Each structure stands twice: as C-alpha cells, then as structure tokens.
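Accompanying notes for the structure given below.
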Amino acid sequence: MKTVSFTQMKDGTKEDYDLLAEAEKPFHVATADRILAELKRQGEDTMTGYKITRMEHGLQSATRALREGADIDWVVGALLHDIGDGLAPQNHDRFSAEVIRPFVRDEVAWVVEHHGIFQMLYYAKHYNWDENARDRFKDHPHFQACADFCERWDQASFDPDYKSETLETFEPMVREVFDRKAYDPAVIQESVSTGLPKLAK
Numbered sequence: 001m002k003t004v005s006f007t008q009m010k011d012g013t014k015e016d017y018d019l020l021a022e023a024e025k026p027f028h029v030a031t032a033d034r035i036l037a038e039l040k041r042q043g044e045d046t047m048t049g050y051k052i053t054r055m056e057h058g059l060q061s062a063t064r065a066l067r068e069g070a071d072i073d074w075v076v077g078a079l080l081h082d083i084g085d086g087l088a089p090q091n092h093d094r095f096s097a098e099v100i101r102p103f104v105r106d107e108v109a110w111v112v113e114h115h116g117i118f119q120m121l122y123y124a125k126h127y128n129w130d131e132n133a134r135d136r137f138k139d140h141p142h143f144q145a146c147a148d149f150c151e152r153w154d155q156a157s158f159d160p161d162y163k164s165e166t167l168e169t170f171e172p173m174v175r176e177v178f179d180r181k182a183y184d185p186a187v188i189q190e191s192v193s194t195g196l197p198k199l200a201k
C-alpha cells in the first residue's frame, strides 16, 4: 500500500495529503458500521447497578422519540445520546455529542452535549449536589428542548418491561444520518430551535 513521504505532518506535500484524503474515504463511509457495532457491544453489558443494558437504554429512548413522532435527527440523537459511556464515562454527554455533531441539527447535538447536567435534576440531591445546575443555561434557546428530552425520553428509559423497537428498526436511520455530508449547513441549521414534538392532548 502506498504511504505518505513524511514523518512529520509539517513536511507533507499536496500529493501526500491527496493520498490521505483518498485513503480515508472508505473509513468515513464505514462510520455507521462502527457506531452500530458499538451499540451492539453495549448490549452485552448491563449498566452497573441498572436493570437494563446501555444499548437497551438507547433503544428505549429512541423508541419513545419515534413513537412521539420525532424526526430522524431526534431519534438518532436519542439512540446515541450515551454512545460515549464506554470510553468517556465522566464526560460521556460531550463525547456522544461530538460523535453526532457533524451529521445532525445543532439543536440535537447541543441537547446531547448538555443532557448530563440536565439529568442532575433527578438525582443530584442524593449526593448533595446542585440539582438545578442546568439553570445556568436557562436563557439558551435549546434549554426547553433539553429539559423535555431528559424528562420524556432519557430519564424514563430504564424500564426492563418497556417494549422497545429493535436495533434493526433504527439501523436505516443511523445509516442515513451518517451518510450525510459532514457539517452541511443545510443539515446543521445553527441557532434553529424546533423543540421536541408536541405531546398529544
């Protein structure tokens, strides 16, 4: 296999970087495969102390989103909001957000990035932490979407009796999202807030 000429990036030529761009294309195309493989891996381990696996938590969250009529960005965001747990348990929310950020609306990436601090509303008091730490974002345009995401889809999805959709249901959505052009302004829609779907009365 042909390789670059340099041993330090600063010495690379245009030909070197053209070679790398071409060589990386198959790796980029396989991003969805790696995401799905990580979800399957998370299905092998029960979250420490919880009644379900990490994958099942993602499936339940995504199923709730799907059944409420959420669009593909929200559904995939809900499915992958904890994808970073395995490698970055202390900052999994930010890690997970960076995985999806190039391919979904800015609103969805922001919500995934901040869901950890918003979730503290439900448990922080038991550790003598600030359960209202999320209030520092109260003027942010995505505040309500994140609060709703946590209340309706995330914190409610630890139920071993909930009948969620299978991973196969969501696989085409994951592939569609990760097949998008990275950072496409038409997809990212910075500063656009649509919120979660309205609940039926």
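Quick note: the sequence shown uses the UniProt record's numbering, first residue 1, plus one each step. Glycine included, each C-beta is placed from N, C-alpha and C at the ideal position. Note that the coordinates shown come from a computational prediction; the quantities given were computed from them, not determined experimentally.
For residue i, three-class secondary structure by DSSP
{"i": "Thr48", "result": "coil"}
{"i": "Thr3", "result": "coil"}
{"i": "Ala30", "result": "coil"}
{"i": "Trp153", "result": "helix"}
{"i": "Tyr183", "result": "coil"}
{"i": "Pro160", "result": "coil"}
{"i": "Pro141", "result": "coil"}
{"i": "Pro172", "result": "helix"}
{"i": "Ala21", "result": "helix"}
{"i": "Glu38", "result": "helix"}
{"i": "Val192", "result": "coil"}
{"i": "Leu199", "result": "coil"}
{"i": "Asp148", "result": "helix"}
{"i": "Asp130", "result": "coil"}
{"i": "Glu15", "result": "helix"}
Rounded C-alpha distance that separates residue i from residue j
{"i": "Lys40", "j": "Phe149", "result": "23 Å"}
{"i": "Arg101", "j": "Val75", "result": "14 Å"}
{"i": "Arg180", "j": "Tyr122", "result": "35 Å"}
{"i": "Ile35", "j": "Lys10", "result": "32 Å"}
{"i": "Val108", "j": "Thr53", "result": "23 Å"}
{"i": "Ala156", "j": "Asp130", "result": "21 Å"}
Within the UniProt domain "HD" (55 to 120), ranges of the beta strand (DSSP E) (whole runs, at least 3 residues):
Complete beta strand (DSSP E) runs here, min 3: none at all.
Specify whether the region 182 to 194 and the region 83 to 95 touch according to this definition: at least 3 beta carbon pairs, one from each stretch, less than 8 Å apart.
By the Cβ rule, the region 182 to 194 does not count as touching the region 83 to 95, because fewer than three pairs are nearer than 8 Å.
Can you find at least 3 beta carbon pairs, one from the region 137 to 147 and one from the region 55 to 63, that sit closer than 8 Å?
Touching, no, given that fewer than three Cβ pairs across the two stretches are closer than 8 Å.
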